[in-house]
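Here the structure is laid out as structure tokens; the discussion comes afterwards.
Number of protein chains: 2
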Amino acid sequence: MNIKMGVAKAGIKPSGDYDILVVKFPLSVYSAVFTQNSLAAAPVLYDRLVCEIQDRILALVINSGNANAATGQKGFENAEKMVEITAECLGLDKSEVMVFSTGVIGVQLPMDKVENGIKQACQNLQDLDLELAARAISTTDTFYKYYETTGMIDGEVFTVKGIAKGAGMIHPNMATMLAYIFTDVKIDKDLLDKATKLVVDRTFNSISVDGCESTNDSFVVVATGESKVEINDSNRVYFTKKLYEVALELAKMIVKDGEGATKLIEINVFQASSKEEAKKVGEAIATSNLFKTAMFGNDPNWGRILSAVGQLHLDIDFSKVKLYLGDFLLYNGEPIEFDRSAAIEYLKNNKEIVINLYLSRGEQEWTFYTCDLGYKYVEINAEYTT
Amino acid sequence: MNIKMGVAKAGIKPSGDYDILVVKFPLSVYSAVFTQNSLAAAPVLYDRLVCEIQDRILALVINSGNANAATGQKGFENAEKMVEITAECLGLDKSEVMVFSTGVIGVQLPMDKVENGIKQACQNLQDLDLELAARAISTTDTFYKYYETTGMIDGEVFTVKGIAKGAGMIHPNMATMLAYIFTDVKIDKDLLDKATKLVVDRTFNSISVDGCESTNDSFVVVATGESKVEINDSNRVYFTKKLYEVALELAKMIVKDGEGATKLIEINVFQASSKEEAKKVGEAIATSNLFKTAMFGNDPNWGRILSAVGQLHLDIDFSKVKLYLGDFLLYNGEPIEFDRSAAIEYLKNNKEIVINLYLSRGEQEWTFYTCDLGYKYVEINAEYTT
């Protein structure tokens, strides 16, 4: 893919590491999904306007270390200014650039540093380097998150590449999740929007680290159209699966990097009466502190799982519910005997835990991902002032 | 008040302390409110039936150490059996007794021990001793919760006394909150139900330790009618305030005893467009792990408070919002300068923290109570298997 990028150490991040990323690509179809948090950050407010007027874009500019959120009118002007500087440096129209920020909430951007950083990044464009790009957008991430795959349609290869950052809404007020996926297929905006919607629901919208939705969450898919593969109704399912593969891997990396997480937990909800119900049930379990601390403590505590489900106030008949932890049947409509020591060993010896819950209410399913909750979460989130 | 009680050490609690409480009173009007969790415990399912057929009751029987929840048909039969044993020992009709349990989920009651305990408690009735009664229903509570007050109407005194237990949904699967309030006023069931509903919404339904609603939550108000005070439309507000006083003190004790809590946090939401909105906003803050860990870390982190509100997806205009921590104005429609060190000192030096949030959307208000989230919460909830 003919995608260029530039990075800079602008001095926004306390660590002094790369904190500006500029990505430039051929005029491309895109889909964008933003946080629903009504305290949406300035760049999110700005980009929503771009989405209303533009079907195609040419560049992204991202800073890490400052979220430009809860920053009022001045914050909005600063987001717009970032776009203007980028457009000018790259010789583009202002309306073809989107802007993103992640980092501390409620502090105005140091615009001198930002301006210098963007200029420097634009002057040193190079080929897309996923690891370096992921590094430049990271905040408290403990590893850089990127993934790529290829697909083939009618003998022609296409590529899907992505980067992401995020590990909870984090320390101090780092705003969660940014994810960008680039592909070289030809696709019209309507089909790409549909694919993106499907994928984001099953991936980035089905993960929870601490139940806190950030002010800056953004996910953008860019399709440059450079390959010979053209997506249409007959092959869109295959393309969507490839997009899903990349998004899911990135989403799981975010959960694995959840603050203080020791385990990735996959919660599969089966036999729900609707997809929405299955998702709600998965989310209720994934956001239960009691469940998450039990997982941290290697405790096959099925009562906390069922009780989290009960808290939804659905009319679930628990005498028909089955619950598995890995291969262990823990509950079968009533408390049953199970090999507790073996279940504890399963929790102790695996970094990826699977919960399968059968509701016996229908045929729909959903998978939600979360991590456990341990001391480190408290340490990361409580101790930055000391 | 002519209220008798009996306690016993039946051996249900691992600690060996009192775990059966029987309370006997004159034929009394009552109001009862139960958990909405659809995995409601067997005694809750049983008592709901009592509520459908009985306006007046004569006794309560409560065990601690086992929640009799997620125990299926056998659990229901055991709850009924507890009622039968109590009724027989006290010479009452089965339909005049309510039953409650709190403790481990998913384990059948040791009915031999329970039966012996109830018999022993019924044979040793004594005058109501709030501290001893609170002790007999406690599980992981670190202190016993009871409170009493008196009121006067037309020169006649009446009394309101209450006990409670609960400190989160807790270790290992202890089911949260039980609360009982006894008063000697004369009141009809309709007025008592109305007063109870008003009070429970502003007290037990406005507290959160970890956002987890238990399978066993129950709150019962018993009015014996022994005093000369008769509650009617002209004095019911005064009576409701007295009931509120007792319920609020008990509710705040539960929050103070939240697992690992070092602070009681009072969240006042003002200028909301409706009471429901004000309550939802308070609850969103009260259940945010990021906010609660910040409080534990003495961090005046206003971004986490506003972001928790934003997560409700209401169309709040944050440029009109004001946020105070104690007397410190932290946010005034935009980030402002405030004395950060003094705000940190306020958090460090106070066990009761006040947050005042002005939404600028209307005239309704609500108060929600929560505690901070620290290492001890993780320890209590994660480490019982080790």
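Line order of the protein sequences matches chains A and B.
The numbering used here numbers the first residue of the first sequence as 527 and each following residue consecutively.
The numbering used here numbers the first residue of the second sequence as 527 and each following residue consecutively.
Ideal Cβ placement from N, Cα and C applies to all residues, glycine included.
The structure presented is a predicted model; accordingly, all values stated were derived computationally and were not measured.
CB contact check: residue 855(A) to chain B, cutoff 8 Å: Taking the first residue of the first sequence as position 1, residue 855(A) is located at position 329. Residue contact check for residue 855(A) against chain B: no CB pair falls below 8 Å.
Contact belief for residue 642(A) with residue 536(A) at Cβ below 8 Å, rounded distance in angstroms: Position 116 of the first sequence, counted from the first residue, corresponds to residue 642(A). Position 10 of the first sequence, counted from the first residue, corresponds to residue 536(A). Rounded, the Cβ-Cβ distance is 6 Å, consistent with contact.
Bounding residues of the beta strand (DSSP E) (the contiguous stretch that carries residue 804(B)): Within the second sequence, the letter at position 278 stands for residue 804(B). Not the beta strand (DSSP E): residue 804(B) falls in the alpha helix (DSSP H), residues 801-812.
Test: residue 573(B) CB closer than 8 Å to a CB of chain A: Here residue 573(B) refers to the residue found at position 47 when the second sequence is read from its first residue. Under the Cβ distance rule, residue 573(B) does not count among the residues neighbouring chain A, no pair being separated by less than 8 Å.
Cβ-based burial, residue 678(A) [other Cβ within 10 Å; buried from 16]: Taking the first sequence and counting its residues from 1, one reaches residue 678(A) at position 152. Burial is judged here by how many other beta carbons sit within 10 angstroms of a residue's own beta carbon; residue 678(A) has fewer than 16 and is exposed.
Residue interval of the beta strand (DSSP E) (run including residue 886(B)): As a first step, residue 886(B) must be located in the second sequence, where it is residue number 360. DSSP places residue 886(B) in no beta strand (DSSP E); its state is neither H nor E.
Alpha-carbon to alpha-carbon, residue 703(B) and residue 780(A): Position 254 of the first sequence, counting from 1, holds the residue named residue 780(A). Position 177 of the second sequence, counting from 1, holds the residue named residue 703(B). Taking the straight line joining both Cα atoms gives about 36 Å.
Strand pairing of residue 705(A), partner residues [DSSP]: Numbered from its first residue, the first sequence carries residue 705(A) at position 179. Answer is 690(A) and 745(A).
Secondary structure of residue 896(A), DSSP reduced to three states: Reading the first sequence from its first residue, position 370 is the one you call residue 896(A). If DSSP states are grouped into helix, strand and coil, residue 896(A) belongs with the strands.
Rounded C-alpha distance that separates residue 901(A) from residue 529(B): Here residue 901(A) refers to the residue found at position 375 when the first sequence is read from its first residue. Here residue 529(B) refers to the residue found at position 3 when the second sequence is read from its first residue. One alpha carbon belongs to residue 901(A), the other to residue 529(B), and they sit about 46 Å apart.
Extent of the continuous alpha helix (DSSP H) to which residue 867(B) belongs: Reading the second sequence from its first residue, position 341 is the one you call residue 867(B). Residue 867(B) -> alpha helix (DSSP H) spans 866-875.
Contact under 8 Å by Cβ, residue 691(A) with residue 665(A): By 1-based counting over the first sequence, the position of residue 691(A) is 165. By 1-based counting over the first sequence, the position of residue 665(A) is 139. Taking a C-beta distance under 8 Å as the contact criterion, residue 691(A) and residue 665(A) qualify as a contact pair.
Where the region 832-866 of chain B meets chain A: residues whose CB sits under 8 Å from a CB there: Listed in sequence order: 832, 833, 834, 835, 836, 837, 838, 839, 840, 841, 842, 844, 845, 857, 859, 860 and 861.
Between the CA atoms of residue 705(B) and residue 555(B) - distance to the nearest angstrom: Position 29 of the second sequence, counted from the first residue, corresponds to residue 555(B). Position 179 of the second sequence, counted from the first residue, corresponds to residue 705(B). Straight across, the Cα-Cα distance linking residue 555(B) with residue 705(B) is about 16 Å.
Three or more C-beta pairs below 8 Å linking the region 576-593 of chain B and the region 765-782 of chain B: Using a C-beta cut-off of 8 Å, the region 576-593 of chain B makes no contact with the region 765-782 of chain B, since fewer than three inter-stretch Cβ pairs fall below that distance.
Beta-carbon proximity check, residue 718(B) vs residue 541(B), cutoff 8 Å: Here residue 718(B) refers to the residue found at position 192 of the second sequence. Here residue 541(B) refers to the residue found at position 15 of the second sequence. No, the pair does not count as a contact, with Cβ atoms beyond the cut-off.
Helix, strand or coil at residue 779(B) [DSSP, three-state]: Start at 1 with the first residue of the second sequence, and residue 779(B) comes out as number 253. The answer is helix: DSSP assigns residue 779(B) an H, G or I state.
Rounded separation between residue 907(A) and residue 819(B) - CA only: The residue you call residue 907(A) lines up with position 381 of the first sequence. The residue you call residue 819(B) lines up with position 293 of the second sequence. The straight-line gap from Cα to Cα measures roughly 6 Å.
Boundaries (first-last residue) of the alpha helix (DSSP H) holding residue 572(B): The count along the second sequence starts at 1 and reaches residue 572(B) at position 46. Segment 568-579, the alpha helix (DSSP H) holding residue 572(B).
Enclosing alpha helix (DSSP H) for residue 833(A) [first to last residue]: Reading the first sequence from its first residue, position 307 is the one you call residue 833(A). That run of the alpha helix (DSSP H) goes 828-836.
Alpha-carbon to alpha-carbon, residue 629(B) and residue 697(A): In the first sequence, residue 697(A) corresponds to position 171, counting from 1. In the second sequence, residue 629(B) corresponds to position 103, counting from 1. Caution applies to residue 697(A), whose pLDDT of 36 falls short of 50 and renders its modelled position unreliable; the value that the coordinates give is listed next. Distance between residue 697(A) and residue 629(B), taken at the CA atoms: about 36 Å.
Residue 745(A) versus 774(A), 752(A), 614(A) and 762(A), residue with shortest Cα-Cα distance: Reading the first sequence from its first residue, position 219 is the one you call residue 745(A). Taking residue 745(A) as reference, the option from 774(A), 752(A), 614(A) and 762(A) with the minimal CA-CA separation is 774(A).
Residue 742(B) to residue 836(A) span [Cα, whole Å]: On the second sequence, residue 742(B) is found 216 positions in, with the first residue counted as 1. On the first sequence, residue 836(A) is found 310 positions in, with the first residue counted as 1. When rounded, the distance between both Cα atoms is 11 Å.
Among 879(B), 759(B), 757(B) and 827(B), the one whose alpha carbon lies nearest that of residue 778(B): For the purposes of this step, residue 778(B) is taken as residue 252 along the second sequence, with counting starting at 1. Per the Cα distances, 879(B).
Residue burial classification, residue 876(B) (beta-carbon count within 10 angstroms, cutoff 16): Within the second sequence, numbered from 1, the residue matching residue 876(B) stands at position 350. For residue 876(B), the number of other beta carbons within 10 angstroms of its own is below 16, and it is reported as exposed.
Contacting residues, own chain, Cβ-Cβ under 7 Å from residue 899(B) (five flanking each side not counted): Taking the second sequence and counting its residues from 1, the one referred to as residue 899(B) is at position 373. 815, 818, 819 and 822.
Euclidean distance between Cα positions of residue 490(A) and residue 568(A): The requested residue 490(A) does not occur in the structure, where chain A is confined to residues 527 to 912.
Coarse secondary structure for residue 649(A), derived from DSSP in three states: For the purposes of this step, residue 649(A) is taken as the residue at position 123 of the first sequence. DSSP, read as helix, strand or coil, puts residue 649(A) in helix.
Separation of residue 756(A) from residue 749(A), as counted between CA atoms: Residue 749(A) sits at position 223 when you count from the first residue of the first sequence. Residue 756(A) sits at position 230 when you count from the first residue of the first sequence. One C-alpha to the other measures close to 11 Å.
Min CB distance residue 795(A) to chain B below 8 Å: Reading the first sequence from its first residue, position 269 is the one you call residue 795(A). The beta-carbon of residue 795(A) is placed no less than 8 Å from the nearest beta-carbon of chain B.
Same chain, Cβ closer than 8 Å to residue 752(B), five either side skipped, listed in chain order: Taking the second sequence and counting its residues from 1, one reaches residue 752(B) at position 226. The residues are 527, 528, 552 and 710.
Residue burial classification, residue 699(A) (beta-carbon count within 10 angstroms, cutoff 16): The residue labelled residue 699(A) in the question sits at position 173 within the first sequence. Residue placement at residue 699(A) cannot be trusted, given a pLDDT of 43 that sits under 50; what the coordinates show is reported in the next sentence. That one is buried.
Residue from 895(A), 662(A), 798(A) and 810(A) whose Cα sits closest to the Cα of residue 730(A): Taking the first sequence and counting its residues from 1, the one referred to as residue 730(A) is at position 204. For the options 895(A), 662(A), 798(A) and 810(A), the alpha carbon positioned closest to that of residue 730(A) is the one of 895(A).
Opposing strand residues paired with residue 622(A) [DSSP bridges]: Your numbering for residue 622(A) matches position 96 in the first sequence. The partner list for residue 622(A) (beta bridge, DSSP) is empty, contrary to what the question assumes.
Cβ-Cβ distance between residue 577(B) and residue 612(B) below 8 Å: Residue mapping note: residue 577(B) aligns to position 51 of the second sequence, counting from 1. Residue mapping note: residue 612(B) aligns to position 86 of the second sequence, counting from 1. Residue 577(B) places its beta carbon 8 Å or farther from that of residue 612(B).
Of the listed residues 859(B), 684(B) and 824(B), nearest to residue 787(B) (C-alpha basis): Position 261 of the second sequence, counting from 1, holds the residue named residue 787(B). If we check each option's Cα against that of residue 787(B), 824(B) comes out closest.
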